[in-house]
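First up is the structure itself, then whatever we jot down about it.
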Ligand code: ZN
Ligand code: ZN
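Numbering (the working numbering), first residue to last: 78 to 476.
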């Protein structure tokens, strides 16, 4: 039996007019009419979810146990090899002035030459610690520290705002001192390399701001969890563009094929994702598909774009792939209402379709209809339990 988990990132909204409510979604409507619906509180009622913790919960891994900071997921998603007790950070290439004051956290959001700049920082060594650096999307990347005695108990170098000086990393517990010191040495050496790099000269010639600093944040220490396949006896695969989601999936041992054209932005190629799902479903039981654009539009406060993303997902993805599965689950990892421009704790409409569920009155996947749906209010960790029962792999509790 094949299961599809389709996550529209941040798809929930607030208020009377929501993106799911407004969007024309004939294919999702069809599933909603014959499926069962409800409201999902990914991490529990009133908890504002991060995308990383929420995805762990959706995969059935309690974030209170498994979440060790976002850096590790980002590094995984970037395709870096992590060993037990390695420490990873999320990075931006940004811009600082001569006094190390951050003038742009995203290097003008212009990716020109950033591949070369990230590559120039790869493979450094500080004593017994090896450094790996990898460019992901736009200005973003991952930084991996590999060696003995590392810890995630360190502060960020990214001040998270412009007009503020680049921060020095500090230990927040004694075991973080080595890591903080290496992060500071790396940041300094990286600045020297970036300043002189031809790719930055080229950026300047084209009138673009220099990408002359690495801003690091979200330290995470890695340890290997029980894999998705060991835990559920299901072979899982992830079809996504964004590094974070690929990282969360790789962390639990799903296969994560590269999907050219899946960018993790609002311009992602959903045709490429459809083709990737058609390939992946042949030799996997559980296909996790992630679309980021809905969340990005929510953060930008762009309600129309968010609505259009939902319509595109319905037309270009759901229309083609739903028929390949016996179980179809469609929901989001949290709400990102355009009115709030951030993640909120509002529960997210969820649809669970299987030939043999108890259909409810909801005829659409949207806030107003799903809030009275037959699943009621569930949490992220419930989802895999529901799946296991329907695929016949649940273990009875008791006799
Ligand atoms: Zn998210
Ligand atoms: Zn978000």
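Ideal placement from N, C-alpha and C gives every residue a C-beta, glycine not left out.
Keep in mind it's a predicted model, so treat the numbers as computed, not measured.
Distance, residue j Cα to residue i Cα
i: residue 247; j: residue 203; result: 17 Å
i: residue 367; j: residue 239; result: 31 Å
i: residue 420; j: residue 89; result: 9 Å
i: residue 455; j: residue 283; result: 52 Å
i: residue 449; j: residue 115; result: 7 Å
i: residue 103; j: residue 123; result: 31 Å
i: residue 424; j: residue 473; result: 29 Å
i: residue 439; j: residue 432; result: 16 Å
i: residue 96; j: residue 105; result: 13 Å
i: residue 291; j: residue 329; result: 28 Å
i: residue 351; j: residue 324; result: 20 Å
i: residue 363; j: residue 312; result: 6 Å
i: residue 140; j: residue 120; result: 8 Å
i: residue 186; j: residue 179; result: 14 Å
i: residue 317; j: residue 336; result: 7 Å
Exposed unless 16 or more other CB atoms sit within 10 angstroms - verdict on residue i
i: residue 93; result: exposed
i: residue 280; result: buried
i: residue 205; result: exposed
i: residue 150; result: buried
i: residue 444; result: buried
i: residue 441; result: buried
i: residue 476; result: exposed
i: residue 142; result: exposed
Proximity test, residue i beta-carbon vs ligand 2 heavy atom, cut-off 7 Å
i: residue 180; result: no
i: residue 362; result: no
Cβ-heavy atom distance, residue i to ligand 1, below 7 Å
i: residue 433; result: no
i: residue 131; result: yes
i: residue 87; result: yes
i: residue 376; result: no
i: residue 412; result: no
i: residue 90; result: no
i: residue 423; result: no
Coarse secondary structure for residue i, derived from DSSP in three states
i: residue 118; result: strand
i: residue 395; result: helix
i: residue 95; result: coil
i: residue 426; result: strand
i: residue 270; result: helix
i: residue 142; result: helix
Give the list of continuous beta strand (DSSP E) stretches no shorter than 3 residues that lie fully inside the stretch 305-391. 313-316, 363-368, all fully within the stretch 305-391.
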